[in-house]
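Accompanying notes for the structure given below.
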Amino acid sequence: LSPGFSETFNIDTKSPKIIAGSKEAYFGYTVQQHDIGGKKWLVVGAPYETNGQQKTGDVYKCPVTSDTHSNCTKLNLGRVTLSNVSERKDNMRLGLSLATNPKDNSFLACSPLWSHECGSSYYTTGMCSRVNSNFRFSKTVAPALQRCQTYMDIIIVLDGSNSIYPWVEVQHFLINILKKFYIGPGQIQVGVVQYGEDVVHEFHLNDYRSVKDVVAAASHIEQRGGTETRTAYGIEFARSEAFQKGGRKGAKRVMIVITDGESHDSPDLEKVIEDSEKDNVTRYAVAVLGYYNRRGINPEAFLNEIKFIASDPDDKHFFNVTDEAALKDIVDALGERIFSLEGTNKNEISFGLEMSQTGFSSHVVEDGILLGAVGAYDWNGAVLKETSSGKVIPLRESYLQEFPEELKNHGAYLGYTVSSVISTKHERIYVAGAPRFNHTGKVIIFSMHNSRNLTIHQALKGEQIGSYYGSEISSLDINGDGVTDVLLVGAPMYFSEGRERGKVYVYTLQENRFVSSGALVDLQSYQNSRFGSCIAAVPDLNQDSYNDLVVGAPLEDEHQGAIYIFLGFEETILKKYKQRIAAADLAPGLMYFGCSIHGQLDLNEDGLVDLAVGSLGNAVLLWSRSVVRINTTIRFEPSKINIFTKDCKRNGKEATCMTAFVCFTAVFLSAHFQTASVALRFNVTADERRYTPRAYLDQSGERQLQKGLVLPAGQEHCHTLPFHVLDTADYVKPVTFSIDYALEQPERGPQLDAGWPTSLRVSVPFWNGCNEDEHCIPDLVLEARSDVPSATEFCRRALRGAPPRCSAFSRAFDTPVFIIESGRRRAAVEAALENRGENAYSAVLNISFSRNLQFASLVTKDDTDINIDCMTEDKNPNKKVCNVSYPFFRAKAKVAFRLDFEFSKSIFLQNMEIYLSASSDSEEKESTKEDNVAHLNFHLKYEADLLFTRASSLDYYEIRSNSSLERYDSIGPPFHGTFKLQNLGFFPVEGVTIRLTIPVATRAGNRLLLLTEFLVDQENTTCNIWGNTTDYRRTPTEEDLTHTPHLNHSNSDIISIDCDVKLASNEEMNLHLRGNLWMKSLKALKFRALKLSTTALLQRRFGSPFIFREEDPSRQITFEISKPEEWQIPFWIIVGSTLGGLLLLALLVLVLWKV
């Protein structure tokens, strides 16, 4: 089986549904799938959407239908207002984060930059809106929202009796003090009562909600008048009625009493003040002394009464002015003292959440909602929790373990993202990212407690400055066992290869701790991609029962964006992405695709989870496709190809006919598709890798056949394919049938499972023709001999020696040797290989030989049909591997062949080795393997092919009485002799010595010649000289050499010279002898003719690889010297001899004549 694999994945990119919105509103910044009673919706955040004149942001609901265009409706959550809060909604970024609660199909839309007014400040605490399953606003979630210090209900009690004069000054005071107040929802409410003899409401606490409206109302208050000043009644009226009409629970109650005289109901003051104390009413009392000053009355009793009315201490709550006009002088002081009041709620969090931006991230858990608050605690951040029973706001000190005080000014941004994991104990533990912690980022894993504390179990730290590690977090339960398997942490600004490519770290859960397990692998490209800006855990996309992961890279492809799909497997996530979906492949104009991702629902009712992906101005729906696996089988009848029995004819040729059964079964992974079907096309190829196939399909008459079919789910569908096999030389390698298949319509409908085989290769073997168990047992026999002659054969054939001589010649060597004649360049081996057993499959002849041989040829004999094909091993040129009668060497077959080797010109060895071995894939018995080898190992001697010559400048010299020595430097005639050796052979000559013997004196010590120079013209030649060259008589003595006419090394004093001979092929060496005949001795010696012979003799050293055809080859240079004058005949002897001869002749004639 050789499977091919499909690399596509099952998210459809050909027919996406693109829902367009406003780019200016950042429509698509967040997306969430939504289900209401089976109807599917897409909730889309647009954090820059406008409502009226304000850019509040908002959320859209978009129905998921089959229509090309979706009409999205704005939910107008930006118009939702909080009561009792002076809110500022412009740029509050509603929709910046969305979180769905799958239990009740509600969702949370947050506005992290929502702010409210407190006094002169605006606090960006953030706010979220909970929306129920019917898209109706349900409630506001704002755990960081705190009551302002200005959350007060103020009742001003004005004395309007006749004694107040002028009233306009009181009115001016009232208007000025009202302008000091921060009037509005969640801040100050003001009500005014006027008393004299009676008490009336000028306006209630909740009548006006702005400074402007209150001031306008105050400017129309007229003096009621009255002859009595019933101050106690006015205070009691304010306490019991004015604070109840529009008063707010929890608001600080403040009363300002302004009067100009003692009360007429002073006995009631004590009880009234006591009741006010019980109701926690803070009282400011202003005594206007105009009436007393104008009449010169002592005001002491009046002042004491006013001080009694004012709360303690008097120095903070009591004021007095000289007259009505002086009231304007205490406006600032009175306002400052009112605003210095402490908040009434003792459980309020101290300053730290005012800029928290709660809702920057959100995450729904079983018992509530986790909210990230990046601006809390001086921008170190925090995580808040809103539950049905209240809110949990951990104290600043809870974070000090991982966020120490010394780094508090770094702005860690904890809460940039929040998530949770399920431990092995099935406990939910929270996770939050702080991407700016210490510039490298951090992630904490923690539990929260209702005691406003939290326990940090583990912290994970980023590795690169500015990478924004922890800005995105996701957890994934891959195998669905309820325990988190993988935690993924994004660092989208991770800098790599010169770009902000981004990185997603993978952590696996081991013994309740997360351990680093590498990182996900994105597209290896040199671009800013921000990979990891969004990480979404999704249910099983490819229907393999493991949950999967989608990661966004919104800046890829020049900010067009892309998403990556990673598959879960067992308890981990596969690091290499399975599918990359680029915005450019979906539709033109998409930008920042992948900035948000959500995939939890089946949106098109096909039983498969679909993906929603946000981009700038668009939301994109991508549909999952069903995944199918095609199970394929092939079987053959009969199961093996019998080449020995041809049972049919095809195109007039004998053939072996067979049948292949090809079967397909479609298995859909999703239970929703068990009644579906899939259209398939497949291609059958027989013997595809061969240029000429051995098998042909009957239907097409060729090796290939293509068909299509429709496969119902779960049903096997088979095709019958008859085929035939023609006669072939290759019966070893089986015939392979290849089935390649693909979907008929790959662009739509089901998708082949990624990684599932799309091809099948099955081989049908040949029957080997052996016994029933098809186990062939060969018996190979190998024989070989060489044509290189032994020493004895060389002697008989080349030297033509008689047996006794050749026997002695052979014994002259210390080991049996074989001779390489001088003209031989090759060595041949006659061999035969026989199979005495059953078929030997893949029979091989291995030939190895020594380095001094080069393989020339292998030639079979006897017109055999058995082929032997040899190949050289690249790594070993001295080895050949030869296939013998491939594919099998028949039983009882025999092949004779000749091997030729050439001798190497560069490598010279004294032995020759050839090793032959035969083997096969069939298993031969050990008892018959001994004769599978032939080993030829010869110790060699080489016949030297040397041309040995000599030359001399002096062959003959005649000594006369008048010969002068002056012309020869008083020595004698010069001579120059040369011995030449030329290597005419193929092999280099070595292990040979040339010995020169030069007769230089007689045995009596008379010098014969003087050797003045010996020279060898070959470099690096080593020569040794022995003998006496100088120590001879200066004055010769008489010596008779008439009986020794030939002087040489055997009868004279000599100089001996030995030189090593090393000659490469076609190389020569010359040995030069220069000198003079020693005339002083030659004249004195007695001889008529004298020969002086210098001999050069070639000798084999011990162990030399060379022999000579002539025994002890030698050459001589001979000087012939004569003295003709010493041997001339006297005249009288000549005359007498002549006469005697004539007389003898006459006598003979006479005698013969008489006879």
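Taking this note's numbering, the leading residue of the sequence shown gets 129, the next gets one more, and so forth.
Even glycine gets a Cβ: it sits at the ideal position worked out from N, Cα and C.
Query	Result
Quick check on the DSSP output: the beta strand (DSSP E) that includes residue 162 runs from which residue to which?	158-164
Between the region 983-997 and the region 1071-1082, do three or more beta carbon pairs fall short of 8 Å?	no
Looking only at its own chain, which residues have a Cβ that is under 6 Å from the Cβ of residue 1143, when we skip the five neighbours before and after it?	1200
For the putative contact between residue 1029 and residue 982, defined by C-beta atoms under 8 Å, what is the C-beta separation to the nearest angstrom?	6 Å
Using only CA atoms, which one of 1032, 254, 235, 753 lies nearest to residue 881?	753
Applying the 10 Å Cβ sphere with the 16-neighbour rule, what's the burial state of residue 114?	Nothing about residue 114 can be read from this structure; the chain reaches only from 129 to 1283.
Nearest-angstrom Cα distance between residue 1242 and residue 1086?	27 Å
Closest by CA to residue 324, which one among 331, 1037, 351, 1084?	351
Less than 9 Å between the C-beta atoms of residue 755 and residue 138, yes or no?	yes
Following the continuous beta strand (DSSP E) through residue 361, name the residue where it begins and the one where it ends.	Where residue 361 is concerned, there is no enclosing beta strand (DSSP E), although the alpha helix (DSSP H) it sits in stretches over 359-365.
Using the Cα positions of residue 747 and residue 811, report the straight-line distance between them to the nearest angstrom.	41 Å
Between residue 1080 and the rest of its own chain, which residues show a CB-CB distance below 6 Å, the 5 nearest in sequence each way excluded?	1105, 1245
Residue 1028 lies in the beta strand (DSSP E); which residues open and close that run?	1022-1031
Contact check, residue 451 vs residue 418 under 8 Å by CB: the rounded distance?	3 Å
How long is the line joining the alpha carbons of residue 1174 and residue 1219, rounded to whole angstroms?	5 Å
Going by C-alpha to C-alpha distance, which of 1016, 978, 1005 sits closest to residue 996?	1016
May I have the straight-line CA-CA distance separating residue 1040 from residue 1063, to the nearest angstrom?	11 Å
Tell me the DSSP secondary structure of residue 310 in three-state form.	coil
Check for me: the alpha helix (DSSP H) holding residue 461 runs from which residue to which?	459-467
Which residues bound the alpha helix (DSSP H) around residue 920?	919-925
List the endpoints of the continuous alpha helix (DSSP H) containing residue 340.	339-346
Using 10 angstroms around the beta-carbon of residue 1115, count the other beta-carbons present and answer buried if the total reaches 16, otherwise exposed.	buried
Among residues of its own chain, excluding the 5 on either side of residue 1000, which ones have a beta-carbon nearer than 7 Å to its beta-carbon?	1008
For residue 617 versus residue 668, is the C-beta spacing smaller than 9 Å?	no
Report the residue from 1123, 1176, 1134, 1131 whose alpha carbon sits nearest the alpha carbon of residue 1154.	1123
Give me the DSSP bridge partner(s) of residue 447.	414
Residue ranges of each beta strand (DSSP E) run of no fewer than 3 residues wholly in the region 134-212, ordered along the chain?	145-148, 158-164, 167-174, 186-191
By a C-beta neighbour count over all protein chains shown, 10 Å radius and 16 as the cutoff for buried, is residue 253 buried or exposed?	buried
Check whether the region 1033-1047 and the region 891-898 are in contact - that is, three or more C-beta pairs closer than 8 Å.	no
Between residue 966 and residue 1019, is the Cβ-Cβ spacing less than 9 Å?	yes
With which residues is residue 561 paired in a DSSP beta bridge?	545, 571
Please name the residue or residues paired with residue 999 in a DSSP beta bridge.	1009
Exposed or buried, which one is residue 1286 when buried takes at least 16 other CB atoms within 10 Å?	Not covered by the structure: residue 1286. The range shown for the chain is 129 to 1283.
With DSSP run on the structure shown, which of helix, strand or coil describes residue 1110?	strand
Answer yes if the region 351-361 comes into contact with the region 384-404, meaning at least three C-beta pairs across the two stretches below 8 Å, and no otherwise.	yes
Considering just the uninterrupted stretch of the alpha helix (DSSP H) at residue 835, what are its terminal residues?	Taken as a continuous stretch (DSSP letters only), residue 835 belongs to no alpha helix (DSSP H), being part of the beta strand (DSSP E) at 832-840.
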